[in-house]
Amino acid sequence: MNQYDNHIYLDAAATTPPLSVVVRTVSEIQRSYWGNPSSINRPGIMAREILERSRLFIADKLETTSEEVIFTSGASESVSIALGAISNFRNPGRIVLSAIEHPCVYAAARELIRFGWNVVELDVDNNGVVELNKLESYLSYPTQIVSVISSQNEIGTIQPLEQIGNMCRDRNIIFHTDATQLMSHNPLLWNRLPIDLLSCSAHKFQGPKGTGLLLVREDLKKSITKIDSDQLQESGLRIGTQAVPIIAGMEQAIDHLRNQYELLGNQQGEMYKVQNLTYTLKSLLSTIPNIQFIGHPTERQPNLICCLISDKNNQPLRASKLVRQFSKYGISVSSGSACSTRKKSPNRVLNAIGVPQQWQNSALRFSLGPWLNDEDIYKVSDILNKIINEYN
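Position 141, counted from 1, in the sequence shown is what the numbering used here calls 151; the numbers after and before it change by one each time, with no gaps.
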């Protein structure tokens with residue numbers, strides 16, 4: 011991690027350090043294939059070849075087709091394109107979101123309200139799981155779209171995607187998922203899932219910042235592609251020149267991701283290591299009486315721990331202060347989503363799972379990666395004990 015070699019980083023849910031092969035690839039492509047991939051001159055054709063090679067490679071690794079792979083600037087743009095494109099070819103109706111979506115999903119859905127769409131938030135239980143019986147009640151006219159986050163970025167709960175997808179598919183309702191967090195630990199092999207659209211960002215799985223994916227079922231893509239697609243990029247779904255160097259970097263990150271996922275089945279590799287480190291950290295934290303874990307206990311992201319922290323009098327401790335204390339010891343943790351930690355309003359996700367408002371500022375998040383080791387984990391636990399004792 012270069013200048014962060016002595017730093018202990020446990021905020022992988024916010025971003026991850028790029029792999030060395032990613033950095034090398036981005037630099038090499040930037041130097042050697044700098045042409046505009048839409049140009050018909052030689053530099054442009056060479057850049058286009060790199061772009062389409064990356065598309066084919068990523069499609070193969072995710073078990074999809076190159077026609078279903080759309081390159082974007084990241085998950086937020088992917089979500090915006092997905093929801094906006096659907097609204098353009100279906101008559102205004104109802105879009106159902108879970109109550110614990112990432113802010114970019116709410117922002118994209120709010121845009122649809124201006125065009126006559128009705129946005130409904132679907133309740134989750136106290137572990138953050140979508141209540142399927144309530145979803146069932148919304149899967150009738152005029153519902154056209156359902157969007158449910160795969161793995162919640164603050165509390166780590168993983169949703170029953172196959173059940174939700176099958177419920178939607180049986181009713182000809184389009185199902186979109188924000189898979190930004192889950193992709194880091196499960197490359198979500200596309201042809202095996204009843205999902206119509208999937209969004210993610212490369213920098214969450216040690217790829218470069220500034221690029222991501224939108225996977226779109228081929229039959230659906232034909233419906234949402236713009237008529238004037240020759241004037242736009244990515245089958246007419248977005249504006250802007252494709253960033254070939256960082257797309258090639260994402261290709262390398264996905265290759266590494268898929269290889270590590272296959273090793274996990276044999277209890278080997280980085281994913282297996284991270285699961286063990288997370289188990290160790292949670293076991294150590296469990297010995298601290300001032301901690302209450304939140305999120306689903308088992309159906310959860312395997313590298314993420316979220317907990318409420320209190321003092322000896324069972325009064326909530328402000329997590330943002332704990333984050334700053336950790337930083338003094340060279341440790342990075344988080345007080346929640348990087349996209350919402352600066353907001354002073356009640357936390358939408360913690361509200362949805364029933365955390366009282368006075369406790370919402372005490373939520374501390376640890377999200378781990380393969381750059382950590384056992385020594386780091388024991389140090390994190392020791393430091394948290396020390397910090398809490400300073401407040402007692």
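Just so you know, even glycine gets a beta-carbon here, dropped at the ideal spot from N, CA and C.
- Closest in alpha carbon position to Leu378, among Asp392, Ile39 and Met281, is Met281.
- The distance from the Cβ of Thr290 to that of Asp384 is about 7 Å, consistent with a contact at the 8 Å cut-off.
- For Arg65, the uninterrupted alpha helix (DSSP H) segment begins and ends at Arg52 to Lys71.
- Collapsing the DSSP output to three states places Tyr401 in a helix.
- Here Arg375 carries a strand assignment [DSSP, helix/strand/coil].
- Beta-bridge partners of Asp21 (DSSP): Ser377.
- In this structure Trp369 does not touch Pro307 by the C-beta definition: roughly 18 Å separates them, more than the 8 Å allowed.
- By the criterion of a C-beta distance shorter than 7 Å, Gly54 is surrounded in its chain by Gly45, Asn46, Pro47 and Ser48, once the five residues flanking it on both sides are discounted.
- Pairing Met56 with Leu267, the inter-Cα distance amounts to about 27 Å.
- In the structure shown, the three-state DSSP call for Asp265 is helix.
- Counting along the chain, Glu131 sits inside no alpha helix (DSSP H); it lies in the beta strand (DSSP E) bounded by residues Asn128 to Leu132.
- The three-state reading of DSSP puts Gly222 in strand, counting E and B together.
- Three or more Cβ pairs closer than 8 Å define a contact, and the region 126-138 meets that threshold against the region 94-111.
- Excluding residues up to 5 positions away in sequence, Thr82, Ser209, Gly222 and Leu224 lie with their Cβ nearer than 6 Å to the Cβ of Ser88 in the same chain.
- Contact between Pro312 and Val284 is confirmed by a C-beta separation of about 7 Å, below the 8 Å threshold.
- Between Gln216 and Pro28, the gap from beta carbon to beta carbon is short of 9 Å.
- Counting C-beta atoms within 10 angstroms of its own C-beta, Ile249 has fewer than 16 neighbours from the protein chains shown and is therefore classed as exposed.
- Nearest in C-alpha terms to Asp21, of all of Asn276, Ile165, Cys114 and Leu203, is Ile165.
- With respect to Ser64, Glu261 sits close: the two C-beta atoms are nearer than 9 Å.
- Only buried fits Ile205, as 16 or more other CB atoms lie within 10 angstroms of its CB.
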